[in-house]
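Residues in the sequence shown are numbered from 90 upward in steps of one, following my numbering.
Data first, discussion second: the structure below is written as structure tokens.
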Amino acid sequence: MSSSLDQRTAPAPEGSRPTPLPRRTRAYALPEVRWALAALGLFLLALPPYLLGGPAWLWGALFAGAYATGGWEPGREGLKALRERTLDVDLLMVVAALGAAAIGQVLDGALLIVIFATSGALEAVATARTADSVRGLLDLAPATATRLLADGAEETVDAGLLAVGDTVLVRPGERIGADGEVVGGASEVDQATITGEPLPVAKETGDEVFAGTVNGTGALRVRVGREPSDSVIARIVRMVEEASRTKAPTQLFIEKVEQRYSVSMVLATLAVFAVPLAFGDDLTSALLRAMTFMIVASPCAVVLSTMPPLLSAIANAGRHGVLAKSAVVMERLGQVDAVALDKTGTLTEGTPRLTDVRPLPGTGLDAGALLRLAASAEHPSEHPLARAVVDAARERGLALAPADAFAATPGRGVTATVEGRRIELGSPARLLPDTHHARVHPHSDTRPAHPDTHAAHPEADHARVHPENDPAPLVRELEEAGSTAVAVLRDGEPVGVLGVADRLRPDAAATVAALTRLTGRAPVLLTGDNERAARRVAGRVGITDVRAGLLPEEKVAAVRAWEAEGRRVLVVGDGVNDAPALAAAHCGVAMGRAGSDLALETADAVVVRDELAAVPAVVALSRAAHRLVVQNLVIAGAFIAVLVAWDLFGTLPLPLGVAGHEGSTVLVGLNGLRLLRSTAWPRPARG
Numbered sequence: 090m091s092s093s094l095d096q097r098t099a100p101a102p103e104g105s106r107p108t109p110l111p112r113r114t115r116a117y118a119l120p121e122v123r124w125a126l127a128a129l130g131l132f133l134l135a136l137p138p139y140l141l142g143g144p145a146w147l148w149g150a151l152f153a154g155a156y157a158t159g160g161w162e163p164g165r166e167g168l169k170a171l172r173e174r175t176l177d178v179d180l181l182m183v184v185a186a187l188g189a190a191a192i193g194q195v196l197d198g199a200l201l202i203v204i205f206a207t208s209g210a211l212e213a214v215a216t217a218r219t220a221d222s223v224r225g226l227l228d229l230a231p232a233t234a235t236r237l238l239a240d241g242a243e244e245t246v247d248a249g250l251l252a253v254g255d256t257v258l259v260r261p262g263e264r265i266g267a268d269g270e271v272v273g274g275a276s277e278v279d280q281a282t283i284t285g286e287p288l289p290v291a292k293e294t295g296d297e298v299f300a301g302t303v304n305g306t307g308a309l310r311v312r313v314g315r316e317p318s319d320s321v322i323a324r325i326v327r328m329v330e331e332a333s334r335t336k337a338p339t340q341l342f343i344e345k346v347e348q349r350y351s352v353s354m355v356l357a358t359l360a361v362f363a364v365p366l367a368f369g370d371d372l373t374s375a376l377l378r379a380m381t382f383m384i385v386a387s388p389c390a391v392v393l394s395t396m397p398p399l400l401s402a403i404a405n406a407g408r409h410g411v412l413a414k415s416a417v418v419m420e421r422l423g424q425v426d427a428v429a430l431d432k433t434g435t436l437t438e439g440t441p442r443l444t445d446v447r448p449l450p451g452t453g454l455d456a457g458a459l460l461r462l463a464a465s466a467e468h469p470s471e472h473p474l475a476r477a478v479v480d481a482a483r484e485r486g487l488a489l490a491p492a493d494a495f496a497a498t499p500g501r502g503v504t505a506t507v508e509g510r511r512i513e514l515g516s517p518a519r520l521l522p523d524t525h526h527a528r529v530h531p532h533s534d535t536r537p538a539h540p541d542t543h544a545a546h547p548e549a550d551h552a553r554v555h556p557e558n559d560p561a562p563l564v565r566e567l568e569e570a571g572s573t574a575v576a577v578l579r580d581g582e583p584v585g586v587l588g589v590a591d592r593l594r595p596d597a598a599a600t601v602a603a604l605t606r607l608t609g610r611a612p613v614l615l616t617g618d619n620e621r622a623a624r625r626v627a628g629r630v631g632i633t634d635v636r637a638g639l640l641p642e643e644k645v646a647a648v649r650a651w652e653a654e655g656r657r658v659l660v661v662g663d664g665v666n667d668a669p670a671l672a673a674a675h676c677g678v679a680m681g682r683a684g685s686d687l688a689l690e691t692a693d694a695v696v697v698r699d700e701l702a703a704v705p706a707v708v709a710l711s712r713a714a715h716r717l718v719v720q721n722l723v724i725a726g727a728f729i730a731v732l733v734a735w736d737l738f739g740t741l742p743l744p745l746g747v748a749g750h751e752g753s754t755v756l757v758g759l760n761g762l763r764l765l766r767s768t769a770w771p772r773p774a775r776g
């Protein structure tokens, strides 16, 4: 990959171990942050002596330091733009701040400087953190792999040196070193980082596997099918980088007219000075009129029309568990008119839970006894479904019995001796003769019920099922309801069926309805999970447009297609596989509690408390902030128009011009702070 982020280690002397690069850039290491902190500190130190009537030399020196430290970076960027014959709002703000100081309004000028310096620092931190996460993503792929030679010998090689056609050995618990095809062995693989599937997927000969995914309890031999630089995980890195680079430059509403306003103000000020002077006015009078014009026409109130509402909205959202990373993000959230949702970890909790315990009649077992037997047998297993069964037993206060002779066969099942009885748990397709389940690939519309379940005794591959005690109807009922069915056998006889499912978030349906009202169209479901599971979840929350079995690049393609149609898409997700789409979208929101580092850093906003209902709430808050921005711009524009007309066609005293200018600035600032109130947070959708 041709990227500055693909170097996981720093150069090291030959023969020594390379030194890992820092995983996270410290905020203080960024010059923008240091300048902004210095400006803020000096500003806060200057406030008490200024407001309490202290010596002018003290607060004057402190304010001067704030001007210098906070105005250095935007002033330098503004001068660069000026050399290219353009005016931008950064330079205009520095000039306005200096102009305010020149007429004695040092506090207002310093406040403008601090606001701009802080905004630039936040943007620099967000950019650096995204780069850190993209760099860290490469560590998902192992640095080395075990390559099998033609004579059967093994050698450890750099995973980046693997070539198409090589065969690698992947031992239990290892990360797979390359995209390829299984040519030997059987196991279950956790590939949530790539497809978002909540459960490990059974793999055997002929199945595709991906670099960076985690092997389970079996050993696999994998034939490399793609160069390391073309693996799915490498393509995710490239897509995040490209989306971050090519995403249209973001600007606040007022910045869209900054160039014309800046040029117009400068030309008008020169005209106000030169024209009266050319018609015989004296120099002092012309200069005073021009100075008054520059003050009343300066964009201080206009800039403060935008920032306080957005910053107040950011603070209010933060109190309610939503972190918007900048004022630009808060503005963009309210512009979305289409929403794409991930399934696992977003609409659902992302963790399998026991949903049903169904003992068969005539077995002498009730639900509690069946669950106790199953949990006792599953207790030694580390499989997610096994943990779901054990957790459910513990929540019900069931005392588990010791399990002896525990054994697990990847892709087949588990068996253990509990209280002298042989207990087996596994997929009905493996343990029951007449359920007719078929093993499928990870992206088809069905899936194996339990990748880690099967009796360890090959001779007991199918149970003896009496017609009057057939578990097949229970299996079909659970699977049609969206659960994964797990058959339980005792001494070779079926005694019950368990249902396990990834539970839907309680506020999912209400959130979908709220987003539909806000955008005028129902959200779309984008998921790497299989079609049947995706449509089941979508049907329960009111989504009709389902795109299932998608790899990360296919999610990005869908988002870009909608953007090309003129839509402004909001993507909500939580996994590594969602990060490229989060970066490519008009606005991306990550679920915070279980979200991957890359998704959290790539997203524009993070739902820290993992409350899905907060997504439509923050969109509505952003729209309220936009309405306040428009109100403030009308107020500021009216003040500027009246004061400018007074100065041009009459005689506006300088003190009155300053008072009107500062009054409008205070008014729009206070109006924007209304969003700090708790009542300004929209009531979240409830299930």
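By construction, the Cβ of each residue, glycine as well, lies at the ideal position given by its N, Cα and C atoms.
Identity of the residue in the options nearest residue i by Cα
i: residue 566; options: 595, 675 and 445; result: 445
i: residue 261; options: 207, 497, 400 and 559; result: 497
i: residue 210; options: 160, 706, 648 and 520; result: 160
i: residue 379; options: 736, 164 and 708; result: 736
i: residue 426; options: 612, 504, 564 and 731; result: 612
i: residue 415; options: 147, 204, 739 and 320; result: 204
i: residue 690; options: 306, 724, 669 and 126; result: 669
i: residue 308; options: 320, 663, 293 and 364; result: 293
i: residue 615; options: 663, 583 and 590; result: 663
i: residue 725; options: 649, 393 and 762; result: 393
Backbone CA spacing between residue i and residue j [nearest angstrom]
i: residue 636; j: residue 605; result: 18 angstroms
i: residue 543; j: residue 490; result: Since pLDDT at residue 543 reaches only 37, below the 50 mark, its modelled position is unreliable, and no value is offered.
i: residue 760; j: residue 753; result: 11 angstroms
i: residue 511; j: residue 561; result: 21 angstroms
i: residue 404; j: residue 413; result: 9 angstroms
i: residue 656; j: residue 163; result: 33 angstroms
i: residue 478; j: residue 622; result: 20 angstroms
i: residue 473; j: residue 588; result: 13 angstroms
i: residue 630; j: residue 707; result: 20 angstroms
i: residue 98; j: residue 705; result: Confidence is the limiting factor: at residue 98 the pLDDT is only 33, short of 50, which leaves the residue's position unreliable, though a coordinate-based value still follows. When rounded, the distance between both Cα atoms is 41 angstroms.
i: residue 196; j: residue 190; result: 8 angstroms
i: residue 291; j: residue 278; result: 6 angstroms
i: residue 768; j: residue 452; result: 58 angstroms
i: residue 374; j: residue 183; result: 26 angstroms
i: residue 143; j: residue 439; result: 59 angstroms
i: residue 727; j: residue 755; result: 14 angstroms
Alpha helix (DSSP H) segment containing residue i, residue limits
i: residue 273; result: From DSSP, residue 273 is part of no alpha helix (DSSP H) but of the beta strand (DSSP E) over 269-274.
i: residue 474; result: 473-484
i: residue 564; result: 561-569
Supposed close pair residue i, residue j - CB separation, criterion 8 angstroms
i: residue 694; j: residue 418; result: 6 angstroms
i: residue 485; j: residue 460; result: 7 angstroms
i: residue 239; j: residue 268; result: The Cβ separation is near 22 angstroms, so there is no contact.
i: residue 700; j: residue 410; result: 6 angstroms
i: residue 688; j: residue 679; result: 4 angstroms
i: residue 661; j: residue 435; result: 6 angstroms
i: residue 248; j: residue 233; result: 6 angstroms
i: residue 481; j: residue 443; result: 4 angstroms
i: residue 303; j: residue 272; result: No, residue 303 and residue 272 are not in contact; Cβ-Cβ is about 19 angstroms, not under 8 angstroms.
i: residue 237; j: residue 258; result: 6 angstroms
i: residue 665; j: residue 681; result: No, residue 665 and residue 681 are not in contact; Cβ-Cβ is about 15 angstroms, not under 8 angstroms.
i: residue 514; j: residue 456; result: Not confirmed; about 16 angstroms, so no contact.
N- and C-terminal bounds of the beta strand (DSSP E) containing residue i
i: residue 659; result: 658-662
i: residue 51; result: Lying outside 90 to 776, the shown extent of the chain, residue 51 is not represented and no answer is given.
i: residue 511; result: 510-515
i: residue 507; result: 502-507
i: residue 585; result: 582-593
i: residue 237; result: 233-237
i: residue 250; result: Segment: none, residue 250 is in no beta strand (DSSP E) and carries neither H nor E.
i: residue 655; result: Here residue 655 belongs to no beta strand (DSSP E), and DSSP marks it neither H nor E.
i: residue 312; result: 309-313
i: residue 698; result: No beta strand (DSSP E) contains residue 698, which DSSP labels as neither H nor E.
Min CB distance residue i to chain B below 8 angstroms
i: residue 647; result: Absent here is chain B; the protein component of the structure consists of one chain.
In chain order, which beta strand (DSSP E) runs of at least 3 residues are fully inside the segment 425-449? Secondary structure within the segment 425-449: the beta strand (DSSP E) runs of 3 or more consecutive residues, fully enclosed, are 427-430 and 437-448 (chain order).
Hey, which unbroken runs of the alpha helix (DSSP H) at 4 residues or more fall wholly within the segment 734-774? Positions of the alpha helix (DSSP H) runs, each at least 4 residues long and wholly inside the segment 734-774, are given as 743-761 in order along the chain.
In the segment 116-158, which residue ranges form an unbroken alpha helix (DSSP H) of at least 4 residues, counting only runs that do not cross its ends? Taken in chain order, the complete alpha helix (DSSP H) segments of 4 or more residues contained in the segment 116-158 are 120-140.
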